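Visitor: One structure, pasted below without further comment.
Protein chains in written order, with the working numbering: chain P, 3 to 441; chain G, 3 to 441.
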């Protein structure tokens, strides 16, 4: 059986075709039935003259919207039909999977139920046009990310998500029974991508799940998300990482623009443009000064850090003065960074690190890593870590590990920012939070 | 600082360059020191005249092999040097990270320690040439897989690995405390890629970790591995899935051949060739007949199944008679398949399913899935499953889910087969087994 996609029907005028898709709407009139059928490529009207086949007319009348159908018929030109000026004259219809009636909600109805209910029926929610578009855009974006790295001679790795020891701090850590012992879920591939530097891979990237036992219920947190990670050797400082990062992201968005800009404009009312390179940079010290100038008050516990409001304010500032959506905040205090970030030799309270903001939201955290065994041990001790717990990691730095750095980047946060989505739960295929483990 | 890669040195004869890499070997002679330096792209000899700089000579004498170095010097032609007929006359050397002495083992020594010890020091083991090649080949292969699917309009998804209910059977399942409840690690993305079919995505693929609490210690099992999964809608039978699978795999190997065939030949002594399409197919019934003919005795508990020896025998048979490394075994008995495989309408004891063998090793399992809600429920009950536990999954089939099928494929098994590796522990970046959680 040869299927014709709806977008290609205009090449089959006056021919018999078979299409496959969902019953989008049904207008059941006195003598005629009009079925609007949807597949991934578009919509088409199918007309059925009831008296031609009364049994079939009965079947159609009983169909619930969103049923999965296979339809055979003749494509004819019909100027008065809005959907492409053509319709299919129904000859045969096979119900592949009838939708029960009523649906939990109408994905194409005028009023959408609240988010939590839509998440319960995520697959119906995903049938909405904007959601299909989102994952088409994401598919293009991740492929562009990899394409860029492959041109730069990166190696792709898949590191284990089950670990024998915590990867960073003990906070927000999931643990599990593992045969006769206890294992932990990776909070990032940090240690393993650095291991690739110790292995002489020089440049690696990874896409994979990241687990955080984070009890918060914000619009941007999840207990499991797709991390996009890279690490590169033989750098001089974090500036080398930032330079590659901005080119990488600009390339990625450029590819999305080429492929989806007009559809994004039509369906989301959003104008997409690749960002200019270089991205603006502001040091943490300057950022704190800027916040004072614009009157943003950081809570006292964020003395060495930023809070989400401050990030939004900084993002808005650079949007206003430079028209730029992306900003690097550099040189964070060691107090707010993990033990393995390298310190500035001339200012040991500061790290060679950065965050990347997109429209005021933290997308990535990066740094040059400390690769000198003794210095790294001292920094771990300063943070109060047990050297025993991280000994496997420390061992990576004993036998010739070059200077290196990299970043971790949240894919769904990027999709939120790129497509102006209000909540990460709308940006991810299936959301996981403290109280959401289904579907 | 501008780095020159070792492979590009011949374009810099008589120029001063800076290279970065590892001390591969050191010949410390009376008046001269010869350092062989390695980076990801090759080896080069660096010559140092000791009297030119006695301090530096001392530093070099103290260097352990595998130290990470930055070296500046002049590239000169030298016909007697085996490595490319050139060498670098040392001017400056910076020790980025000195290797402690002695190394746990010499990755480039003549005798390698046993596997388990090498896994303890995996990053040193990964410095070996064949391992670097392996992950370069894998990087090419996975990109080719995605490239193929993107040309066929697939969408990439990242499904959650933490689930509220077991994904398949309760066997070999890791569970973990999740806030106030219990969660499970995904044994496959099966349910979620089928959910994408219910969502109308039509064609999806995913690369992600798969977790199996499998206590076995064979050469082909791991408790965590990278699964390559796809699912496609509107198929007529499992034959549609197999046709796409064989083209996909042939394309993938073709890309590897184009990029790495000569290096694989040189370094592994292995001749790579893309397989012919179509792959041979044999039904399970025919396979059992064949095994009888060639005198292979299946253990009685494998009456509806195959064991690894049988798979090797079938693989060897097709290699002999057709010269083919890949074989589909089709139409497995329902007794040896999960509840969601679709039954043959004319032979309800058999499923519309297949395994793909590569050189006699199971690489993939695929099938057309049962998409009819009532039939699926009946099949689950027949397998003794609790409908309550799988209700979220069953719900996917209530509101218009088209016929569909797909496969799950083990990436490291494929690398084993492609590169003739004896053990999966040599084919994966970091191995996880019942007693191995480190590094």
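Even glycine gets a Cβ: it sits at the ideal position worked out from N, Cα and C.
Since we're looking at a predicted model, the values are computed, not measured.
Give every residue of the same chain whose Cβ lies closer than 7 Å to the Cβ of residue 361 of chain G, excluding the five residues on either side of it in the sequence, and list them in chain order.
Guide: Locating residue 361 of chain G in the second chain gives position 359, where the first residue counts as 1. Cβ within range, chain order: 317, 327, 419.
Visitor: Can you give me the Cβ contacts of residue 101 of chain P inside the same chain, cut-off strictly under 6 Å, excluding the 5 residues immediately before and after it?
Guide: Within the first chain, the letter at position 99 stands for residue 101 of chain P. Cβ within range, chain order: 66, 68, 69.
Visitor: Interface residues of chain G around residue 300 of chain P at Cβ under 7 Å?
Guide: Working through the first chain from its first residue, we reach residue 300 of chain P at position 298. Chain G residues near residue 300 of chain P: none, gap ~30 Å exceeds 7 Å.
Visitor: Alpha carbon to alpha carbon, how far is residue 1 of chain G from residue 159 of chain P?
Guide: Residue 1 of chain G lies beyond the residue range present for chain G, which begins at 3 and ends at 441; the question has no answer from this structure.
Visitor: Pull up the distance between the alpha-carbon of residue 379 of chain G and that of residue 391 of chain G, whole angstroms please.
Guide: Stepping through the second chain from its first residue, residue 379 of chain G is reached at position 377. Stepping through the second chain from its first residue, residue 391 of chain G is reached at position 389. Taking the straight line from one Cα to the other gives about 12 Å.
Visitor: Report yes or no: do three or more beta-carbon pairs, one from the stretch 397-405 of chain P and one from the stretch 188-208 of chain P, lie closer than 8 Å?
Guide: The stretch 397-405 of chain P vs the stretch 188-208 of chain P: in contact.
Visitor: For residue 63 of chain G, does the count of other Cβ atoms within 10 angstroms reach 16, so buried, or fall short, so exposed?
Guide: Start at 1 with the first residue of the second chain, and residue 63 of chain G comes out as number 61. Residue 63 of chain G should be labelled exposed.
Visitor: Count Cβ pairs between the stretch 232-239 of chain G and the stretch 253-268 of chain G that sit closer than 8 Å; are there 3 or more?
Guide: no
Visitor: Taking 7 Å as the CB-CB cut-off, is residue 201 of chain P touching chain G?
Guide: Translated into positions along the first chain, residue 201 of chain P becomes position 199. So, interface residue.
Visitor: Does the beta carbon of residue 425 of chain G sit closer than 7 Å to a beta carbon anywhere in chain P?
Guide: Here residue 425 of chain G is taken as the residue at index 423 of the second chain, counted from 1. It does not; no Cβ of chain P falls within 7 Å.
Visitor: Drop a sphere of 10 angstroms on the beta-carbon of residue 29 of chain P, count the other beta-carbons inside from all chains shown, and report buried for 16 or more, exposed for fewer.
Guide: By one-based count along the first chain, residue 29 of chain P stands at place 27. Classification for residue 29 of chain P: exposed.
Visitor: Would you list the residues sitting across from residue 274 of chain P in a DSSP beta bridge?
Guide: For the purposes of this step, residue 274 of chain P is identified with residue 272 of the first chain, where counting begins at 1. According to DSSP, which records beta bridges pairwise, residue 274 of chain P is partnered with nothing at all.
Visitor: In its own chain, which residues sit with a C-beta less than 6 Å from the C-beta of residue 307 of chain G, not counting the 5 before and 5 after it?
Guide: By one-based count along the second chain, residue 307 of chain G stands at place 305. These residues qualify, in order along the chain: 338.
Visitor: If the criterion is Cβ atoms closer than 7 Å, does the pair residue 22 of chain G and residue 5 of chain G meet it?
Guide: As a first step, residue 22 of chain G is located in the second chain; it is residue number 20 there, counting from the start. As a first step, residue 5 of chain G is located in the second chain; it is residue number 3 there, counting from the start. Closer than 7 Å, so yes.
Visitor: Counting along the chain, where does the alpha helix (DSSP H) carrying residue 323 of chain P start and finish?
Guide: Along the first chain, read from residue 1 onward, the residue named residue 323 of chain P stands at position 321. It spans 310-324 - the alpha helix (DSSP H) in which residue 323 of chain P sits, taken as one unbroken run.
Visitor: Can you look up residue 435 of chain P in the DSSP assignment and give me helix, strand or coil?
Guide: As a first step, residue 435 of chain P must be located in the first chain, where it is residue number 433. Residue 435 of chain P falls in the strand class under three-state DSSP.
Visitor: Kindly identify the DSSP beta-bridge partner or partners of residue 76 of chain P.
Guide: For the purposes of this step, residue 76 of chain P is identified with residue 74 of the first chain, where counting begins at 1. Paired residue(s): P:18, P:91.
Visitor: Taking contact to mean at least 3 C-beta pairs separated by less than 8 Å, is the stretch 346-358 of chain P in contact with the stretch 366-375 of chain P?
Guide: yes
Visitor: Closer than 8 Å by C-beta to residue 184 of chain P: which residues in its own chain qualify, once you throw out the five before and the five after it? Chain order, please.
Guide: In the first chain, the residue the question calls residue 184 of chain P occupies position 182. If we look at residue 184 of chain P and ignore the five residues flanking it on each side, its Cβ neighbours are 177, 178.
Visitor: Between the stretch 123-153 of chain G and chain P, which residues of the former have CB atoms less than 9 Å from a CB of the latter, in chain order?
Guide: 123, 124, 125, 126, 127, 128, 129, 133, 134, 137, 138, 140, 141, 142, 144, 145, 148, 149, 152
Visitor: Excluding sequence positions up to five away, which residues of its chain have a Cβ less than 6 Å from the Cβ of residue 385 of chain G?
Guide: Indexing the second chain from 1 puts residue 385 of chain G at position 383. 341, listed in sequence order.
Visitor: Distance cutoff 7 Å, beta carbons only. Does residue 69 of chain P sit that close to anything in chain G?
Guide: Mapped onto the first chain, residue 69 of chain P falls at position 67. By this cut-off, residue 69 of chain P is an interface position.
Visitor: Within 7 Å of any Cβ in chain G, is that where the Cβ of residue 112 of chain P sits?
Guide: Mapped onto the first chain, residue 112 of chain P falls at position 110. No - not a single Cβ of chain G is within 7 Å of the one on residue 112 of chain P.
Visitor: Residues in its own chain within less than 8 Å of residue 421 of chain G by CB, not counting five upstream and five downstream?
Guide: The residue given as residue 421 of chain G occupies position 419 in the second chain. Contacts found: 136, 139, 266, 270, 272, 429.
Visitor: For residue 249 of chain P, which three-state DSSP category applies?
Guide: In the first chain, counting from the first residue as 1, residue 249 of chain P sits at position 247. The answer is helix: DSSP assigns residue 249 of chain P an H, G or I state.
Visitor: Taking just the CA atoms, how far does residue 409 of chain G sit from residue 108 of chain G?
Guide: Along the second chain, one-based indexing puts residue 108 of chain G at 106. Along the second chain, one-based indexing puts residue 409 of chain G at 407. For residue 108 of chain G and residue 409 of chain G, the distance between alpha carbons rounds to 41 Å.
Visitor: Counting only the same chain and skipping the five closest in sequence on each side, list residues whose C-beta sits under 7 Å from that of residue 214 of chain G.
Guide: Residue mapping note: residue 214 of chain G aligns to position 212 of the second chain, counting from 1. 174, 189, 225, listed in sequence order.
Visitor: Counting along the chain, where does the alpha helix (DSSP H) carrying residue 140 of chain G start and finish?
Guide: Your numbering for residue 140 of chain G matches position 138 in the second chain. Note, residue 140 of chain G: alpha helix (DSSP H), 131-153.
Visitor: Closest Cβ-Cβ distance between residue 250 of chain G and chain P: below 7 Å?
Guide: In the second chain, the residue the question calls residue 250 of chain G occupies position 248. For residue 250 of chain G, the answer is no, since every Cβ of chain P falls outside 7 Å of its Cβ.
Visitor: If we call anything under 7 Å between Cβ atoms a contact, is residue 43 of chain G one with residue 8 of chain G?
Guide: Along the second chain, read from residue 1 onward, the residue named residue 43 of chain G stands at position 41. Along the second chain, read from residue 1 onward, the residue named residue 8 of chain G stands at position 6. Result yes, Cβ atoms of residue 43 of chain G and residue 8 of chain G sit closer than 7 Å.
Visitor: Does the beta carbon of residue 1 of chain G sit closer than 7 Å to a beta carbon anywhere in chain P?
Guide: Any answer about residue 1 of chain G is impossible in this case: the structure gives chain G only from 3 up to 441.
Visitor: List the residues of chain P that residue 1 of chain G touches, going by C-beta distances under 7 Å, in chain order.
Guide: For residue 1 of chain G there is no data in the structure shown, the boundaries of chain G being 3 and 441.
Visitor: Using 7 Å as the threshold, is the C-beta distance between residue 441 of chain G and residue 129 of chain G below it?
Guide: One-based indexing of the second chain puts residue 441 of chain G at position 439. One-based indexing of the second chain puts residue 129 of chain G at position 127. For residue 441 of chain G and residue 129 of chain G, no; Cβs fall outside 7 Å.
Visitor: Short check: CB of residue 77 of chain P to CB of residue 14 of chain P, under 7 Å?
Guide: Numbered from its first residue, the first chain carries residue 77 of chain P at position 75. Numbered from its first residue, the first chain carries residue 14 of chain P at position 12. It is a contact, given that the beta carbons lie within the stated cut-off.
Visitor: Going straight from the alpha carbon of residue 86 of chain P to that of residue 310 of chain P, what length do you get?
Guide: Your numbering for residue 86 of chain P matches position 84 in the first chain. Your numbering for residue 310 of chain P matches position 308 in the first chain. Going by the C-alpha atoms only, they are around 47 Å apart.
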